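Chemist: Each step along the sequence shown adds one to the number in our numbering, with nothing skipped, and position 4 is 3.
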Amino acid sequence: MVSQVPSPVLTPVVLVLGDEELLVARAIADVAAQARAADPSAEVREVETGSMLVGELAELLSPSLFGGVRVVVLRAAQDAKKDVTAVLLDYAKAPDPDVSLVVAHAGGAKNKALADALTKTGASVVPAAKLTKHRDRVDFVTGEVRRLGGRCAADAAETLIEAVGNDLRELSAACAQLMADTGGRIDQATVARYYRGKAEVSGFAVADAAVAGDVPAALEALRWARHSGVDPVPIADALADGVRTVARVASAGRGNAYQLASSLGMPAWKIEKAQRQARGWTPDALVLAMRAAADCNAAVKGGEEDRDYALERTIVAFAQAKQAGGGR
0 MVSQVPSPVL TPVVLVLGDE ELLVARAIAD VAAQARAADP SAEVREVETG SMLVGELAEL
60 LSPSLFGGVR VVVLRAAQDA KKDVTAVLLD YAKAPDPDVS LVVAHAGGAK NKALADALTK
120 TGASVVPAAK LTKHRDRVDF VTGEVRRLGG RCAADAAETL IEAVGNDLRE LSAACAQLMA
180 DTGGRIDQAT VARYYRGKAE VSGFAVADAA VAGDVPAALE ALRWARHSGV DPVPIADALA
240 DGVRTVARVA SAGRGNAYQL ASSLGMPAWK IEKAQRQARG WTPDALVLAM RAAADCNAAV
300 KGGEEDRDYA LERTIVAFAQ AKQAGGGR
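1) Going by the CB atoms, is the gap between THR48 and ALA76 shorter than 8 Å?
2) Taking just the CA atoms, how far does ALA36 sit from GLU42?
3) With 16 other CB atoms within 10 Å as the buried threshold, where does GLN276 fall?
4) Mapping the DSSP letters down to three states, classify PRO126 as helix, strand or coil.
5) Can you have a look at GLU55 and say buried or exposed, based on whether 16 or more other CB atoms are within 10 angstroms of its CB?
6) Cutting at 8 Å between CB atoms, please list the residues of its own chain near PHE203, excluding the five before and the five after it.
7) Using the beta-carbon count (16 or more within 10 Å), is GLN176 buried or exposed?
8) In whole angstroms, what is the alpha-carbon distance linking PRO282 and LYS109?
9) How long is the line joining the alpha carbons of PRO62 and THR118, rounded to whole angstroms?
10) To the nearest angstrom, how far is it from the Cα of ILE270 to the Cα of LEU130?
11) Just to confirm the assignment: which complete alpha helix (DSSP H) runs, minimum length 4, are found wholly within the segment 143 to 184?
12) How is the beta strand (DSSP E) around ALA103 delimited, first residue to last?
13) Just to confirm, are VAL190 and ALA217 a CB contact at a threshold of 8 Å?
14) Could you give the distance in angstroms between the alpha-carbon of GLU19 and the alpha-carbon of PRO231?
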């Protein structure tokens, strides 16, 4: 006998909107977990909507003679034929209480009317669009660590993205590994230690700590970088870029990072980061630091034999310049 009372734990219609596969897969997994919590024997069926016929869809969504909870996942719903779309929208107006229907739509203009109509009928919408902004990826990393029960600072998330790249699956796997190995508190030094083989990360990790005036952290990051074989040149370049970026952003005055992005020719996330780093720096102190960075660049590119000492000297010079300018 078919139940006439909707289960309080089932969501009748879920619209997963976007084409980021990790987010789509998670949304589907969450619905399946919800259904199995209500009924451990719940059946999950996934089909490609583009090749589906009306009769097949009607069979999938029709009430079962034997009862029980079902999850029906329609993949690539933007490819649905007109007659299938019509049946789907008609069903969404009065869904079966024992069925969770998941409609995965890639977003965009193709068959946008289907997504809009499902939203209007009251479908639960789960955003799953690709993350194109750096700030969103930083939020993803910090949220991922939080979801796993830990805490991750924004600068650590930025360093992890620089190391691993923008692929969400790889970032998710890296977060899980760091959580397993660190016990849940992830800072920039932790990320730098685990990914010290990445030249670009090591250089920026040194620069970030040096610009902050944190000599011990900068020297520690420098040792990791050199121990793993990173050449002094990209580290010197990162030091110069770090202080130069802070100087450019500081001279632009206060303002919204997205508004300053076009005039400065920098991505908004980099401006936001430099605005945080600029606190405590005076114009005169930045001039001193830029001179030290220029001297370092010349030293590591043939001006001195002891290139490691040149880098260490520059880190100390940054801190002294910032302190002399009244920064902390």
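Every residue gets a Cβ at the ideal spot worked out from N, C-alpha and C, and that includes glycine.
Quick caveat: nothing in here was measured; it's all calculated off a predicted structure.
Modeler: To lay it out plainly:
1) yes
2) 12 Å
3) buried
4) strand
5) exposed
6) THR158, GLU161, ALA237, GLY241
7) exposed
8) 52 Å
9) 23 Å
10) 19 Å
11) 153 to 163, 167 to 181
12) 98 to 104
13) no
14) 38 Å
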